[in-house]
Amino acid sequence: MSSGLLIGELANQFGLSTQAIRYYERLGLLTTPQRTDNGYRLYSQEALERLKFIRKAQNFGLSLQEIKQLIELDIYSPSSHVAFKKMLQGHLQEIDQQIYKLTNTSQILRRKFEQTNYLIPEPGKVYSLSDYQGSLLSLMEEVEKKAQINHKANLIDKAYNLLQLYSSGERNFRGIELIGAKLNEAILNGCDLSCAELMLASLNEACLEKTKLQGSYLSGADLIGADLREAELTRADLIGSDLTDADLTNSHLISCNLGGACLKNASLKGANLSEAILIGADLQGADLTGAMVLGSNFYGANLEGAKGDLRDIETFQD
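Quick note on the working numbering: the sequence shown kicks off at 341 and runs consecutively.
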C-alpha cells in the first residue's frame, strides 16, 4: 500500500469528522485522493498541507467559499495575498457595522427602559396617581413617545455643548455620541472626532478642515458642501453618506468605506483613497486629479464626468 493517511487518520489530526473531509472534497477544497487496493481513500502530504491552510484560514474568519477563492488564485501567488487582505478588511467592516447596530439598539432600548421604569412602580409598591394605569399597548406607545422626545432634547444639548466647548478651546471629542445630531454649518476645524458616532447626522456645509475623523461612524450622514480639506478619515464608515459638492482635497480616506455614498461634484484632488471601498458610489463630476486609488474598489461606481487619471481605478467584483 502506498504511503499516506487514511481518511480517519487525517480527520483525527485536525479534530474533524470524516464527513467534513468528504464535504471539503465535494466543494473542491481538497483534491480527490488516491485509493488503496481495498478502495480506501489515501491522502498525501499535499492534502495534509491543504487542510492546514483551510483550518488556519477559518481561524481568520474566512468562509469556505472565500477559502476556495484563495485556493483557485494559488495560495503562493501575490494575487491571493491581496485578496486575503481584502477579505479580512471586509470582515472587519462587517463586524464594525454589527457593533454600531448593537450599540445603537442598546442605547434605544435603555432609553425606553428608563421611561418604563419611571412609569411602572416596583413590584409590591402601591400605584400612585402618577403611575401609568392604561393598557400595555398604550404604555408602549407612551414610552416610545417620551423616549424619543428625551433623545432629541439630549442630542440638542450634546450638539450645543460640543460647539460651546469648541469655542472655548476644547478640541478632543473622541468617541462622542451624536447620532442624528444637527450640526449644519458648524465650525469644527482641527478637532479630534476619532471614533465618533455621527450616523445620520446633518453636517451640511460644516467646516471640518484638518479634523480627525479616523474610525468615525458617519453612515447615512449628510455632508453636502462640507469642507473636509486634509481631514483624516482613515477607516471611517461613510456608507450611504451624502458628500455632494464636498471639498475633500488632500484628505486621507485610506481603507474607509464609501459604499453607496454620493460624491457628485466632490473635490477629491490629491486625496488618498488607497484600499477604500467605493462600491456603488456616485462620483459623477467628481474631481480625482492626483488622487491615490491603489487597491481601492470602485465596482459598480458611477464615474460619469469624473476628472483625473482613472486608469488605476479597480472596478472588479470581489
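No residue lacks a Cβ here, since even glycine has one placed at the ideal position from N, Cα and C.
Rounded to whole angstroms, the separation of the alpha carbons of residue 513 and residue 532 is 6 Å. For residue 359, the secondary structure class from DSSP, reduced to helix, strand or coil, is helix. In this structure, the straight-line span from the alpha carbon of residue 560 to that of residue 481 is close to 27 Å. Per the C-alpha coordinates, the member of 452, 475, 501 and 507 positioned closest to residue 484 is 452.
Minimum Cα-Cα distance from residue 539 among the listed residues 577, 399 and 572 corresponds to 577. Residue environment: residue 582 is assigned as buried (16 or more neighbouring CB atoms within 10 Å of its CB, all protein chains considered).
At the C-beta level, residue 650 and residue 628 come within 8 Å of one another. The DSSP-derived three-state label of residue 644 is coil. Contact between the stretch 594-612 and the stretch 562-579 is established, with three or more Cβ pairs separated by less than 8 Å.
Cβ neighbours of residue 505 within its own chain (closer than 8 Å, five residues either side excluded): 513.
Check the Cα spacing between residue 632 and each of 639, 641, 653 and 620: the tightest is with 653. Of the other Cβ atoms in all chains shown, 16 or more fall within 10 Å of the Cβ of residue 569; this residue is therefore buried. Taking every protein chain shown into account, the CB of residue 381 has 16 or more other CB atoms within 10 angstroms, so this residue is buried. According to DSSP, residue 587 shares a beta bridge with 567 and 607.
Here residue 546 really is in contact with residue 524; their C-beta atoms are around 7 Å apart, less than 8 Å.
According to the DSSP assignment, residue 395 belongs to the alpha helix (DSSP H) that extends over 385-399. Rounded to whole angstroms, the Cβ separation of residue 626 and residue 601 is 11 Å, and the two are not in contact under 8 Å.
With 16 or more other Cβ atoms from the protein chains shown falling within 10 Å of its own Cβ, residue 424 counts as buried.
The three-state reading of DSSP puts residue 414 in coil, since its state is none of H, G, I, E or B. Apart from the 5 residues on each side of it in sequence, residue 347 sits with its Cβ closer than 6 Å to the Cβ of 358, 361 and 381 in its chain, given in chain order. According to the DSSP assignment, residue 597 belongs to no alpha helix (DSSP H), since it is labelled neither H nor E. Separation of the CB atoms of residue 420 and residue 428 is rounded to 13 Å, and the pair is thereby denied contact status at 8 Å.
Closest by C-alpha distance to residue 554, out of 363, 562, 434 and 515, is 515.
In this structure, the beta-carbon distance from residue 370 to residue 351 does not fall below 8 Å.
In this structure, the beta-carbon distance from residue 586 to residue 556 does not fall below 8 Å. Between residue 558 and residue 588, the beta carbon gap of about 13 Å keeps them out of contact (Cβ cut-off 8 Å).
By the criterion of a C-beta distance shorter than 6 Å, residue 624 is surrounded in its chain by 604, 642, 644 and 645, once the five residues flanking it on both sides are discounted. Taken in chain order, the whole alpha helix (DSSP H) runs of length 4 or more contained in the stretch 532-568 number zero. Taking residue 610 as reference, the option from 647, 579 and 584 with the minimal CA-CA separation is 647. Per DSSP, reduced to three states, the secondary structure at residue 525 is coil, with no helix or strand assignment. With contacts defined as CB atoms closer than 8 Å, residue 616 and residue 584 fail to qualify as a contacting pair. At the C-beta level, residue 520 and residue 544 stay beyond 8 Å of one another. Residue nearest to residue 590 within the set 454, 393, 551 and 389 is 551 (criterion: CA-CA distance).
Rounded to whole angstroms, the separation of the alpha carbons of residue 634 and residue 373 is 41 Å.
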